[in-house]
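Participant: Questions regarding the structure given below will be posed in turn.
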Amino acid sequence: MPDEEKLSNPQVTIAAIKKYNFSFQKKFGQNFLIDDHVIKKIISAAEITKDDIILEIGPGIGTMTQYLLESAGHVIAVEVDDKLLPILAETLGSYDNLTVVNEDILKCDIAGLISEASAKTGKGLKEENVKVVANLPYYITTPIIMGLLEGHIPAASITVMVQKEVAERMNAAPGGKDYGALSLAVQYYSETYLAANVPPNCFIPRPGVGSAVIRLRRYQDPPVKVKDEKLMFRLIRASFEQRRKTLMNGIGNASIDGITKERVKDALISMGLDENIRGERLSLGEFARLADILSEDR
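Quick note on numbering: the sequence shown equals residues 5 to 302 in the numbering used here.
Spelled out as structure tokens, the structure:
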């Protein structure tokens, strides 16, 4: 399809919206991409091949979906807004490698959808060939990302457009202002890569914040070993709930299985760390070690 006929052309997007009298819904966080250069950056970062099954979350009117369909083997487009279904039927009706699902991504059976798509391709399900690509609604970015990572969805990577601030938090290193519980959780499951910054004028309507494209490449195994994963994440959350507090006070006040400030202090000293250190200074490996020490005598 010539670029001037694609939905990334603002005139084509506006015409489709007007034809169906579509109104943007704030509750769905709808901002449609209208920049083909940005879409091509997303496709490139996702490293899509013709052997791939793509899960797209929130296709909107199908702008990025068109590019995905031409690059991948099969695309599953999950759209919560049923008012977009007739538009998608028109804009993407000529493609035979598409499955449109009218569901909430937080509630649908993602693994089942991927399995069904794999059966359609006849190539068998290989995790390396399953990828998530999306322009995510900013108000539920974290629940979607963590649901995909913690739910162990069979996908090799997640390449998404998110609020720039959130992308920076996911990608942050210890010691910085952006580093926190989200950084540690995402980096426990995946290798992060910031692919592009995207200004508001690349969307209709324009969001009030800057955006960024980030790729999360799933680890086969986490980069650190920890005896009690659940405890580690409870310690992490407690450490960042009040950033100005020391890690010892944050965890000691959180009532985690009887773990006292004194025990946290002893653990930190045994690790060669200052007892007054804050959570933002600890690496993922150090949180894993702390969890192991504190789990020994519970």
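Glycine included, C-beta positions come from ideal geometry on N, C-alpha and C. These numbers come from a predicted model, not from an experiment.
Could you say if the segment 142-155 and the segment 196-206 meet the contact criterion of at least three C-beta pairs nearer than 8 angstroms?
Facilitator: In short, these stretches do not touch, since the Cβ pair count stays below three.
Participant: At which residues does the alpha helix (DSSP H) containing residue 201 begin and terminate?
Facilitator: Careful: residue 201 lies outside any alpha helix (DSSP H), inside the beta strand (DSSP E) at 194-202.
Participant: Within a Cβ cutoff of 6 angstroms, which residues of the same chain sit near residue 80, ignoring the five residues on either side of it in sequence?
Facilitator: So the qualifying residues of the chain are 59, 103, 117 and 121.
Participant: Return the first residue and the last residue of the alpha helix (DSSP H) that residue 94 is part of.
Facilitator: Counting along the chain, the alpha helix (DSSP H) containing residue 94 begins and ends at 89-95.
Participant: Would DSSP call residue 275 helix, strand or coil?
Facilitator: Here residue 275 sits in coil by DSSP.
Participant: Does DSSP put residue 247 in a helix, in a strand, or in coil?
Facilitator: In the structure shown, residue 247 sits in coil (DSSP, three-state: anything other than H, G, I, E or B).
Participant: Please return the same chain residues whose Cβ sits closer than 6 angstroms to the Cβ of residue 270, not counting the five positions on each side in sequence.
Facilitator: If we look at residue 270 and ignore the five residues flanking it on each side, it has no Cβ neighbours.
Participant: Just to confirm, is the Cβ distance from residue 240 to residue 277 under 8 angstroms?
Facilitator: No; because the gap between Cβ atoms is not below 8 angstroms, this pair is not in contact.
Participant: Is residue 135 buried or exposed, if buried means 16 or more other CB atoms sit within 10 Å of its CB?
Facilitator: With 16 or more other Cβ atoms within 10 Å, it is buried.
Participant: Do you know whose CA, among 91, 199, 299 and 92, lies nearest residue 175's CA?
Facilitator: Looking at the Cα atoms, 199 is the closest of the given residues.
Participant: Assign residue 47 to buried or exposed, taking buried as 16 or more other Cβ atoms, counted over all protein chains shown, within 10 Å of its Cβ.
Facilitator: Residue 47 comes out buried.
Participant: How about residue 68 and residue 139: are their beta carbons less than 8 angstroms apart?
Facilitator: Yes, Cβ-Cβ distance for residue 68 and residue 139 is below 8 angstroms.
Participant: Can you tell which of 95, 160 and 40 has the C-alpha that lies nearest to the C-alpha of residue 52?
Facilitator: Among 95, 160 and 40, the Cα nearest to that of residue 52 belongs to 160.
Participant: Just how far apart, CA to CA, sit residue 105 and residue 185?
Facilitator: Distance between the alpha carbons of residue 105 and residue 185 is about 32 angstroms.
Participant: In angstroms, rounded to a whole number, what distance separates the CA positions of residue 261 and residue 55?
Facilitator: Distance between the alpha carbons of residue 261 and residue 55 is about 47 angstroms.
Participant: Just tell me which of 49, 18 and 245 has its CA closest to the CA of residue 163.
Facilitator: Looking at the Cα atoms, 49 is the closest of the given residues.
Participant: Should residue 77 and residue 57 be called a contact, given that it needs their Cβ atoms to be closer than 8 angstroms?
Facilitator: Cβ atoms of residue 77 and residue 57: closer than 8 angstroms.
Participant: To which residues of the same chain is residue 232 closer than 7 angstroms at the C-beta, ignoring the five residues directly before and after it?
Facilitator: Taken in chain order, the residues that qualify are 295 and 299.
Participant: Compute the Euclidean distance between the alpha carbons of residue 244 and residue 293, then round it to the nearest angstrom.
Facilitator: Distance between the alpha carbons of residue 244 and residue 293: 17 angstroms.
Participant: Under 8 angstroms, do residue 61 and residue 88 count as touching if we go by C-beta distance?
Facilitator: No, the pair does not count as a contact, with Cβ atoms beyond the cut-off.
Participant: If we count the other Cβ atoms within 10 Å of its Cβ and call it buried at 16 or more, is residue 280 buried or exposed?
Facilitator: Exposed is the call here.
Participant: In this structure, does DSSP put residue 228 in helix, strand or coil?
Facilitator: Here residue 228 sits in coil by DSSP.
Participant: The beta strand (DSSP E) spanning residue 48 covers which residue range?
Facilitator: No beta strand (DSSP E) holds residue 48; the alpha helix (DSSP H) holding it covers 40-50.
Participant: Give the straight-line distance between the Cα atoms of residue 23 and residue 30, rounded to the nearest whole angstrom.
Facilitator: Distance between the alpha carbons of residue 23 and residue 30: 20 angstroms.
Participant: CA-CA distance, residue 37 and residue 72?
Facilitator: Each residue's alpha carbon lies about 14 angstroms from the other.
Participant: Is residue 287 closer than 8 angstroms to residue 178 when the C-beta atoms are compared?
Facilitator: Contact: yes.
Participant: Going by C-alpha to C-alpha distance, which of 215, 238 and 124 sits closest to residue 168?
Facilitator: If we check each option's Cα against that of residue 168, 215 comes out closest.
Participant: Taking the straight line between their C-alpha atoms, what separation do you get for residue 173 and residue 85?
Facilitator: Going by the C-alpha atoms only, they are around 29 angstroms apart.
Participant: Under the DSSP definition of a beta bridge, which residues are partnered with residue 138?
Facilitator: For residue 138, which the question treats as bridged, DSSP gives the partners 61 and 164.
Participant: Going by DSSP in three states, residue 103 sits in which element: helix, strand or coil?
Facilitator: Residue 103 falls in the strand class under three-state DSSP.
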